[in-house]
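First the structure, in the form of structure tokens, and then the observations on it.
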Amino acid sequence: MPALVSFVTQLTNWYVRLNRDRLKGLEGGESESEAGLQVMYDVLLDVTILMAPFTPFITEYFYQHLRKLQPSYADAANGGGSSNPVMPGKSDSVHFLTLPAYDDGRLNADAVEAMEALQVIVESGRYVREKRNISLRTPVKCVTFILRNPSANVIESLNGPLKGYILSELNAWDLVIVPKEEEHEWVTLSLTPNFNLLGRKLGKKMKDFKTHVTSMSHADAVACLENGGLDFEGLTISAEDELVSKLAFSKEGEHWESTSTPEGDVVVAVDCTQDEAILSAGRSRELINAIQQLRKAAGLDLSDAVEVFFEESAGINVVESAVSNNTNLFEAKFQGAIPVPKKFAPSWSVVLRSDSADIGGSKVEVSICRPAVAGRCGLSDEVGYFLSTLEPSNLDGSALSITVDGKDISLSQGEDFWVNTVAKLRATKAIPWLE
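In my numbering, the protein residues as written are 172 to 606.
The following block contains the structure:
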């Protein structure tokens, strides 16, 4: 059972969580999404078959859903599901299937090693955030970590394909791996005797030996480990099993918060500086969360475009300040839908969902609306009504002509109307920070 729980944790908290954008097709395109989903499907099917003898009913339930995606599922018709040969999909029950064959060719020791290092760093970074009571929605400037004797594979992976995952999980702006030649500026290596092994070997000399090794400088302790041990009063002490070594964070500065693993081989330090840029980014994350909750409540799909408006109390500009400093973040997250003050929304804008949210300690009304064409100020009600009937996605930049009370009116896109409110505000420079 512990092994199964560990597997489920790895699958849900790591594979699915780290790949959620990839699985949804938001990262890497359709081919990457298909590959990620196929891997997860294969794993779920194999585990279902493996667990069938121990949990027969729940695995049967899983199999009946998973089998529908197999090419051989169609062969189950007309009694085929109870005939040979047995195969996933075709066979009517998971209990008809043979256990999957073990294939060590699928093992990737380098990937496992790098992933284990990532997990240690992320879990340590979360713990550091908790120590300083910093919400995960508030970014941190930098995460620095020190690994004792990391392999070239781990360093390359953490600086390469895994770096983005760490930055995302810890909501950090930068990630630094301290090289070996700079370790002394960040940590202190300490040595202590392994009392269980050295008790008989040293006897009465244990006290003096403890004083000797615990008083070593960082450089001396590093040299001791590199040499494989040390000599003490005619006795050879092995660094491999007779000494316990631990790294401890030693860099000065109140803005640093750190932790080390119980084994003392990894130290993670977080720059907890909370300046205006950091706080503004944190408020932006809170607003993004509020918008996503509204989208979910409105039953929207990921591909559904909306316009976002907010309304703050008079004299308060907490949200506007946050949005103005992070326009690129919102534009990338919501297909160009940068939140803007509600006073700029067209009178014909249709609200899909609206609610009050707490952003940076301030109550803000946030609304998501159907995409709507925006018209210039001063247009007649009749022209406004006409613009309200247009579908923004159908506009191609051409001028529009209408007749109102026998009068022909020509409307130019970019002068009289725009595809959305953000485009209008940019063109008219109504909001200085929206460029």
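Ideal Cβ positions, reconstructed from N, Cα and C, are used throughout, including at glycine.
Tell me, please, whether the stretch 424–441 touches the stretch 502–509 by the rule of three or more beta-carbon pairs shorter than 8 Å. Between the stretch 424–441 and the stretch 502–509 there are fewer than three inter-stretch CB-CB distances shorter than 8 Å, so the stretches are not counted as touching.
Could you pull out every residue in the same chain whose Cβ sits closer than 6 Å to the Cβ of Val593, ignoring the five residues on either side in sequence? Contacts found: Ile509.
For Thr444, which of helix, strand or coil comes out of DSSP? DSSP places Thr444 in coil when its eight states are reduced to three.
Can you tell me which of Gly585, Met377, Glu553 puts its alpha carbon nearest to the alpha carbon of Leu566? Selected option, being the one with the closest Cα: Gly585.
For Ala607, which three-state DSSP category applies? Residue 607 lies beyond the stretch modelled for the chain, which goes from 172 to 606, so this question has no answer here.
Indicate whether the contact test is met: 3 or more Cβ pairs, each with one atom in the stretch 466–484 and one in the stretch 393–404, closer than 8 Å. Taking a cut-off of 8 Å on C-beta distances, the stretch 466–484 does not touch the stretch 393–404, as fewer than three cross pairs fall below it.
Which residue's Cα is closest to the Cα of Val283: Lys595, Ser388, Trp185? The candidate whose alpha carbon is nearest that of Val283 is Trp185.
Which same chain residues end up closer than 6 Å to Val187 when comparing Cβ atoms and leaving out the 5 residues on each side of it in sequence? So no residue of the chain qualifies.
Just mark Cys613 as buried or exposed, buried being the case when its beta carbon has 16 or more other beta carbons within 10 Å. Absent from the model: residue 613. The displayed extent of the chain is 172 to 606, so no value can be given.
Hey, Phe403 and Phe420 are a contact pair by Cβ (cut 8 Å); roughly how many whole angstroms apart? 28 Å between Cβ atoms; not a contact.
What would DSSP say about Asp379, mapped onto helix, strand or coil? In this structure, Asp379 counts as helix in the three-state DSSP scheme.
At least 3 beta-carbon pairs within less than 8 Å: the stretch 527–546 vs the stretch 478–498: The stretch 527–546 is in contact with the stretch 478–498.
CA nearest to the CA of Leu369, picked from Leu215, Thr407, Ser204, Glu353: The residue from Leu215, Thr407, Ser204, Glu353 with its alpha-carbon nearest to that of Leu369 is Thr407.
Going by alpha carbons, who is nearest to Asp274 out of Leu318, Asp217, Ile292? Closest in alpha carbon position to Asp274, among Leu318, Asp217, Ile292, is Asp217.
Would the beta-carbon of Val438 fall within 7 Å of that of Leu418? Their beta carbons are under 7 Å apart, which means Val438 touches Leu418 by this criterion.
Quick one: does Thr382 have its CB under 7 Å from some CB of chain D? The structure shown contains no chain D; it holds only a single protein chain.
Within the same chain, show all residues whose beta-carbon is closer than 7 Å to that of Ser253, passing over the 5 residues directly before and after it, in chain order. Closer than 7 Å at the Cβ level, and outside the excluded window around Ser253, lie Asp263.
Measuring CA to CA, which of Glu482, Ser518, Asn496, Asp345 is closest to Ser525? Selected option, being the one with the closest Cα: Glu482.
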